[in-house]
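Written below as structure tokens is the structure these notes are about.
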Amino acid sequence: MFWWIVLILVLILLTTLYFLFIYNSGISRCSSSEEIFDETQENNLNNSTKNKREGRNVFKSIYSNIMVKRSASLTSLPLLLRRRHSTVGTEFPKQTFDKKFSVSSARDALPKPPSEFFEPLENPQVPDRQKPLFYLKQNTKLLEFPSFCNIKEEDIQLMVFDTNEFIVKPGDADDSIYVVLEGSLAVYISPTQGKKSMVRRIGPSDCFFSPLSLLDIFMGKPSLLKTVSLKATLKTRLAKYSLVNFYNVFIENPDQSAWIRTIQIIATRLRHIVLTTLHQHLGLSEELVNKHSTSSTKKPLKQRGLSLRNYGGGLKPKLQRMSTEFENSNEEIKISVALTYFCEALNISESEGNILIKPYLRFLKLEENQTLYEEGSNDGASIGVVVSGLLKITQESAYSDMSTFGYEDKDSWCAYVNTRELVGGLQFLTDEPSFCTLRAACPSIVALIDKKDADLLIEKKPSLVFPIAYSVLQRLSSFVRAIDFALGWVLLDSGEALYRKNDFSDSVFVALSGRLRSVSEKIVIEEFGRGDVLGIVEVLQQNPRTTTVLAVRYSQLSKIPEGLLNFVKMQFPQVGFRLVRLLGRYYSGRVSSSSPLAIPDPMTQRNLHTIAIFPATFDVPLVAFTCELYHALSVTTKIIRLSSKFVVERLGVEAVMQRKADFRLMHWLNSQEDTYQLVIYECDYTATNWTRRCLSQADAIIVVACGDQKPPEKHFIDEHLKMNQDGIRSRKELVLLWRGADAVPKGTYEWLKGSWFSAHHHIHAPDRMFSWESKVEKNENEILNFYEHHVFPFTIDVHSDFARLGRLLSSNAVGLVLGGGGARGAAHVGLIKALHENGIPVDIVGGTSIGSLISGILATNPNNMENLEEKASKWFLGMSSFWNLLLDITWAFSARLTGYNFNKLLKNVFEFKSIEDLWLPYFCVTTDISNSEMRVHRNGQLWRYVRASMTLAVYLPPICDDEDGHYLLDGGYVNNLPADVMRTMGARTVIAIDVSSADEKDFHNYGDYLNGFYAQFHSLLNWQKDAMRILTAQEIQDRLSFVSSVRQLELVKKAPYCTYLRPPIDRFKTLDFPKFNIIQNAGYQYGCETLPELITKNNHLKTLINHGKFSVMRYSPNTFRKGSFTDLAAQISRIPSQHCKSLDDFSKYFEDEDNDDEEYFEHEEDDSDRGLSNEFILPDEDAILINATINARIITNNEEDFQ
């Protein structure tokens, strides 16, 4: 045994001598090629020769040569060789054995997000004397009263109430707005049975007011509070403003059309804030509707009182006979009856009806159960009146997908619309999809006025809009009228805070439009888009707010107070099930926190609805790029492309070019967001108002540049993006276009260092994109025509760069995660080859240890499997070399190997490529032993971070990170298969390949103590191998190092988002590098057997691959949303109208109490149009459609929603 030890020591000594000679000669060769060392090198070599002549010791000669070369190197390149955290100098011998190649050129860190990205704006400070007027205007500005309707300070009453004193009670008039200046109020609802319940607290600056009450006031029929009361919970000072003041202005001013926008806003608020919130999020349906007839006493007795309770029996045959008799009447009688009913419903005289209504009347005969309006449909937004028969209102149950709880999937309720009652009012005012289904309960006849004709009627007589809106109000249940006092409507500009950290959690919010960001201590926690629910967990747990939520762009939300939630749960227990579902959706949508990153990855694009495409230079083929992206996105997403030219053709020049048209344009743009899953805004090349609008509407901004050009001056991009504050807070991503089949990305850092980008992408640009490069003026229609005929009809390549970008932006990305396992990592190569052959695209790639190496090679050339196999095999061959290992041995101070040859192998594979220059988004995982945490690397020198991710402790020294000087080791110690990291980056499907060693668990039970000599003796002689499997001290240490990683691996295996693959490679060992071909073939065979079944079971992969085999069917241009939101006020302002000569015409509103209403609400996603304060567009004109045909073909795509 002794001689063995002596032999090993001698071998180590000889190896060290040989290594020193090789090292010295290597340094000399490196230095001789550098011009900067010429003069110093000559002196150094002369000194070395002189030393040798004098017979100096060889070690002294080597040492001297190295030292002077090192000194010369440090003198010539101080910035290159010195680390910022060290005191490098020629006098420090610790620098003696530093290798030139191991010191990378230091570069500045990439810019970080601006402070505005995380910090909300400060709340404005209002002087006490200005608070009453300021708060009143603040709370009523959402309704956009006419310019001549100003709140006067002398009309405001200041009042003080003591604690528990009532301000209003049931039975009091509902005719005032109450704004809290100091103190607090509580809103109570008293149901018919049971005690009153507090549904809302009102603090300073907030108000007690229902916009629906304005409709009562305008109709001259102010209502009384039935179940609502208001009480002071503290001594409170408030401001009271009477709604009658608005009515007085309404009566005194002859410009009736100025109030139309206010009426539309009230109707839209009802549709989105009240009905959508109560139905879609709380699951209420029949509770929203007044089922009983709204008919007046003027109706014939035989039709009076018809309702759900008495419908059936003998009434149905009677109604059928009446319908038959009416149908058999002559045309004049039909028109006369319909005209009479319409005049009663709209409160106009029959003489006016003959002029205004008669020319536009048409009749529609409905058989029993035939549908007039379908729930969710946007077709047929007309107004009508039931002439004969009976219509019934039904709605799909909000619990149709909750059969587990005993709810059946069917229409569980219905209400009835009688003869003379108006239908279609809400849909006409809002132009939203139908909230309910309206069909015939028996053979019926309905007189209709089409929307286009109805718009003309409103132009001629704007006052008609009031009885139409009032008919909607009459159809609402008293429950909805009471709830309207509790529900809040929140509008936030970019940067405004919804709530702040540690605020009291008293409300749940539903995002209706826009985008919001949750931040904590300058860390982005989550982002929210349309339909997301905010703050529900904190409210249910009664905890303070844990984060600050601010608006990324202009956003609308519905506010549901905690008291209202409790009240609704008590009244309707089924709401509790709905809340459970909302909680489940919240938790399922959140990323697992098992391995939190320092900051959530900025690539995550959850719930994006709008993207702005912004050109960095004038050379970017912007229209062609947008068309390519549209082509790729249309595989899985219903999208629309909007450019300034297209919008001008649809709305007119003033809508795009003039700032005063912003309101009208904003509302129309939001209506497109309601209709399409994704809207692509194509900016102009210059800083126009359209560009400003695109940036302010965008959830994410895509900056497109040509990669082979130098980046422009920093101010060029920033000046455009800072046209408004919205551009600062939106995510900003860089896309670099590369021309030519052999193009290789480089210089990405130069683009990224000038301005902050949340992510970047490299795109190989087809030559067709630059076909119009030589033309001075690029004809947009010509480009669109080309793509319409030569690109869109053909197969979509799922492996193309544009397809990858589309999947990343639409949250449909496929991520590939490669785990660590030494030589077993060769199976990664075989499996990747099988993935490619089976048509499975890879959009993001990353890994740990050997997985970081293979994924890095794949990211350099994603579609070249030969390159992957060639580079991987060369690296494995180098690792199989005995001499490389022998020459790397050193004194085991930090590690047994120097890492020189290991680094050299990695440099031969990656050269000096940066992670930013890879075609695929890439990451690798390391263990930071300085901070005891996991690190995820997305930028920097590729070979260094791959080396860090493969640095096994004891064998290789840690890599010192250039950014912060921290020591980095193998990522396998903390996360050997980082599928959870991939999930945080937005991958919808994660394919994780595990090649780690089998977790051995069958060990020998040696009792309570162990004799080491006995265990070593049996181990050396290999006796009773199975029975004596005992872990050595090194194995125990290794297992301790990987405890965290093994636990993380078990979580990954069970994760629903992860497809876990483990090829049969347990027979191979970690250092079996010479067996590359055998291990690779094992992985390939496993992939060929497993992947077809995987594709069959995974709907996401199956959809992507199937769409890649054929072109996507696109619809004709006429499928563009027919009823874009028509702002009647904007229409009237553009077309001169004939108004009433006398104010006496208004009195007809208040004389007739027979205003029938329609219950006909409309259903759409919980998404309020942002521009309720906007002008809306005219109805679609045939001429406009003809001019926009080419655009619409590209823009329109009505594919099914990708699930």
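Reading the sequence shown from the start, the letters are residues 37 to 1239 in the numbering used here.
Backbone N, C-alpha and C define an ideal beta-carbon position, used for all residues, glycine too.
Here the structure is a predicted model, which means the values were calculated and not measured.
With 16 other Cβ atoms within 10 Å as the buried cut-off, status of residue i
i            : result
residue 1017 : buried
residue 578  : exposed
residue 554  : buried
residue 581  : buried
residue 1001 : exposed
residue 863  : buried
residue 1092 : exposed
residue 650  : buried
residue 41   : exposed
residue 469  : buried
residue 732  : buried
residue 431  : buried
residue 463  : buried
C-alpha gap between residue i and residue j, whole angstroms
i            : j            : result
residue 500  : residue 384  : 8 Å
residue 280  : residue 506  : 17 Å
residue 822  : residue 805  : 10 Å
residue 198  : residue 709  : 48 Å
residue 913  : residue 1079 : 31 Å
residue 1188 : residue 380  : Any reading at residue 1188 needs caution, since the residue's pLDDT is 36, under 50, leaving its predicted position unreliable; the model's value is listed next. Going from the Cα of residue 1188 to the Cα of residue 380 covers about 8 Å.
residue 1030 : residue 516  : 56 Å
residue 1012 : residue 888  : 10 Å
residue 265  : residue 246  : 13 Å
residue 409  : residue 317  : 23 Å
residue 772  : residue 543  : 44 Å
residue 313  : residue 233  : 20 Å
residue 715  : residue 679  : 11 Å
residue 172  : residue 212  : 11 Å
residue 224  : residue 256  : 27 Å
residue 193  : residue 663  : 59 Å
In DSSP terms, what residue i is bridged to
i            : result
residue 679  : 718
residue 400  : 482
residue 420  : 459, 484
residue 964  : 969, 1004
residue 450  : 430
residue 244  : 214
residue 726  : Residue 726 pairs with nothing; no bridge assigned.
residue 1125 : For residue 1125, which the question treats as bridged, DSSP gives no partner whatsoever.
residue 595  : 524, 545
residue 797  : 771
residue 535  : 585
residue 234  : 224
Closest by C-alpha distance to residue i, when choosing among the options
i            : options               : result
residue 203  : 261, 657, 468, 716    : 261
residue 1015 : 1088, 964, 1040, 1031 : 1088
residue 1125 : 1005, 933, 867        : 867
residue 158  : 1048, 415, 1069, 534  : 534
residue 918  : 1110, 169, 282, 424   : 1110
residue 479  : 459, 455, 486         : 455
residue 747  : 785, 686, 484         : 785
residue 524  : 668, 311, 1034, 421   : 311
residue 476  : 529, 291, 510, 424    : 424
residue 485  : 472, 504, 473, 471    : 504
residue 458  : 422, 465, 489         : 422
residue 284  : 727, 253, 404         : 253
Any non-hydrogen atom of the ligand NAD closer than 8 Å to residue i Cβ
i           : result
residue 924 : With respect to the ligand NAD, the structure offers nothing, as it holds no ligand at all.
Fill in: Length at least 3, wholly inside the stretch 174 to 219: the beta strand (DSSP E) runs in chain order
193 to 197, 202 to 204, 212 to 218
Worksheet item: Quick one: complete beta strand (DSSP E) runs, 3+ long, within the stretch 838 to 914?
Response: 849 to 854, 880 to 884
Worksheet item: Can you list the alpha helix (DSSP H) stretches of 4 or more residues lying completely in the stretch 258 to 336, in chain order?
Response: Entirely contained in the stretch 258 to 336, the alpha helix (DSSP H) runs reaching 4 residues are, in chain order, 280 to 288, 296 to 305.
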